[in-house]
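No gaps in the numbering here: position 147 of the sequence shown is 147 in full-length UniProt numbering, and each next residue is one more.
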Amino acid sequence: GRQTPPTHKRPSSPNRTRRIMPMMPPGLERYGASGSVIDPVSDTTAPSEDLKVMEAQMLSLFRLNDYEGVGRMRDTQLMNLHMINMILSADMAPANASIERAAVRMFELCGKHGLTPNASVHNNVLGALSRRGPPEAVLSWVARMRASNIMDTFACNVELKAHIGMGHLDAATSLLSAMMRGSPDSPNPDSVSFNTVLAALADARQPEKAERMIATIYDSGLGALMDSHSFTSVIHSYAKISRPDKSAHWLQRMLEARIRPDVVTFNAVLAAHAHCGDTEGAKRVLRAFNDYAVEECPNVRPDVISYNTLISACAQAGQPHEAEAAFEAMKASGIEPDQVSFTSVISAHARTGNPASAQAWLEMMQRTPGVAPPDAVTWNTLCSAHARVGDAVTSVACFRAMEAAGVKPSPRTHAIMINAFVQANELSRAKESLLQLIAHNEPLTASSFNALISAHARNKAPDAA
């Protein structure tokens, strides 16, 4: 069953020594860690009717995105922290606004009215820095908040993101561990905290660390905060390193924890099998996905990505008939195939040396309403299919059809065309094609040259090579 996370009470630290904060933004040096130049004055008095009216007027302007109007109320005689926070937001709204300057003006306004900025005001600046500033600026502002003893979960989550953005995964995991232990200067974590670190570990292809993190979360009594994103991160991580067994294991763990997987979760497990060319495993997962949708969660069903993943797996395994079957199953389920669906089937036939079938599927793709036209990848696949069987004439015809369709050839296209002539042993044509590409300043890859060099070498023509 799910565990209820413990409640950690934070000990008060009235005499705690404040730390010196690094990288203070310019203009903020004269303000204390609390952000006020005067003795802190609590904003606990009941607001007067006039203040309520002024606050309501400002809120109306703010909701209308009339930031200039909000700014014009800066000089009003009555002010509270909510109003100051709205003015701060208005100051930071322009894309070219200086967040540091807006923070300075906020501190000045608080000082004028004898108010001490609270966590909400600080988080407003922190959020803006996270969106627009470098991670170093975020960490500097977090240091200010921590010294003021106003850190909350939102601030810690932004700090986690900053550490990850700088590539400091160890710092992020250490901070999360401190939050889980209930350290005095770290608030309790939430689902965002866990998912931020777990997703980073997945992106870094460190699934074992993600597994250990999940174990620690449950051992700390915080398992109730785990959600589908938490498990999906681990599943994604194993999918990236082609471990379908572990991906399937964590999907089962997720179901046992009675956490509903979403389409992204199932697609990640599908991808794990596809990366290994395990078509049977991919089909098994897709069947389980369909069964789950019927029995447990009708709102979560396989989507176009699910079927495209299976079709791609069949293509990579050289199983064109299985790819076609998955394509038809997709249509039968009410999902319209897209450009990727057709290209994957074309690739399946191309890989097995059947250019005629590949050509037929491309023509079907062009006739199907609502499907994007073939792109460079699709045309390259077809050109390659003809080139593999030495049909240089048809390969060249495909190349010309590609140009006529307005699709710009890629370096891969040029390499394929040269290879088509080489396969047909028409080396003079291959050389002519290569020289033409050079004359038109077309981008070339090393493979474009290597194919022709190897052909001359096989023909005992070292000078030409």
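Yeah, the Cβ is synthetic: ideal placement off N, Cα and C, and Gly gets one too.
Please classify His321: is it buried, with 16 or more other beta-carbons within 10 angstroms of its beta-carbon, or exposed?
-> exposed
Compare the C-alpha of Asn124 against each of Lys240, Asp152, Ser186 and Glu136 and name the closest.
-> Asp152
Indicate whether His82 and Glu55 have their beta-carbon atoms separated by less than 8 Å.
-> yes
Between the Cα of Leu434 and those of Met417, Met180 and Lys209, spot the shortest distance and give me the residue it belongs to.
-> Met417
Specify, as a first and last residue, the run of the alpha helix (DSSP H) that Met106 falls within.
-> Ile99 to Lys112
State buried or exposed for Ser183, treating a residue as buried only when at least 16 other CB atoms are found within 10 Å of its CB.
-> exposed
Measure the alpha-carbon distance for Pro265 versus Ala315 and round it to whole angstroms.
-> Residue identity check: residue 265 is Thr in the sequence provided, not Pro. Approximately 22 Å between the Cα atoms of the pair.
Would you say Met145 and His122 are within 8 Å of each other, going by their C-beta atoms?
-> yes
Cβ-based neighbour list, Ile38, same chain, cut-off 7 Å, excluding 5 preceding and 5 following = Confidence in Ile38 is poor, its pLDDT being 31 and thus under 50, which makes the residue's placement unreliable; the coordinate value appears in the next sentence. These residues qualify, in order along the chain: Gly111 and Gly114.
Would you mind giving the Cβ-Cβ distance between Ser193 and Asn157, rounded to the nearest angstrom? I have them listed as a contact below 8 Å.
-> 5 Å
Helix, strand or coil for Gln436, going by three-state DSSP, please let me know.
-> helix
Starting from the Cα of Asn85, find the closest Cα among Pro443, Met58 and Gln77 and give me that residue.
-> Met58
Burial state of Ile235, where buried means 16 or more other Cβ atoms lie within 10 Å = buried
Beta-carbon contacts of Ala457 that lie in its chain and below 7 Å, excluding the five residues immediately before and after = Ala465
Can you tell me whether DSSP reads Val252 as helix, strand or coil?
-> The question names Val, yet the displayed sequence has Gln at residue 252. Looking at Gln252 - three-state DSSP - the assignment turns out to be helix.
Identify the continuous alpha helix (DSSP H) that holds Pro302 and give its terminal residues.
-> Segment: none, Pro302 is in no alpha helix (DSSP H) and carries neither H nor E.
When you compare only the Cα positions, how much space is there between Arg253 and Glu328?
-> 32 Å
Excluding sequence positions up to five away, which residues of its chain have a Cβ less than 8 Å from the Cβ of Met21?
-> For Met21, the predicted model reports a pLDDT of 39, less than 50, meaning its position is unreliable and no value from the coordinates is stated.
Pro261, DSSP secondary structure in three states | coil
Which word fits Gly370, buried or exposed, when buried means at least 16 other C-beta atoms lie within 10 angstroms of its C-beta?
-> exposed
When the Cα atoms are used, what is the spatial distance from Asp303 to Asn267?
-> 9 Å
Reduced DSSP secondary structure (H/G/I, E/B, other) of Pro135 | helix
Consult DSSP for Thr368 and reduce its assignment to one of helix, strand or coil.
-> coil
Nearest candidate by alpha-carbon position, reference Lys283, set Cys297, Ala326 and Ile259 = Ala326
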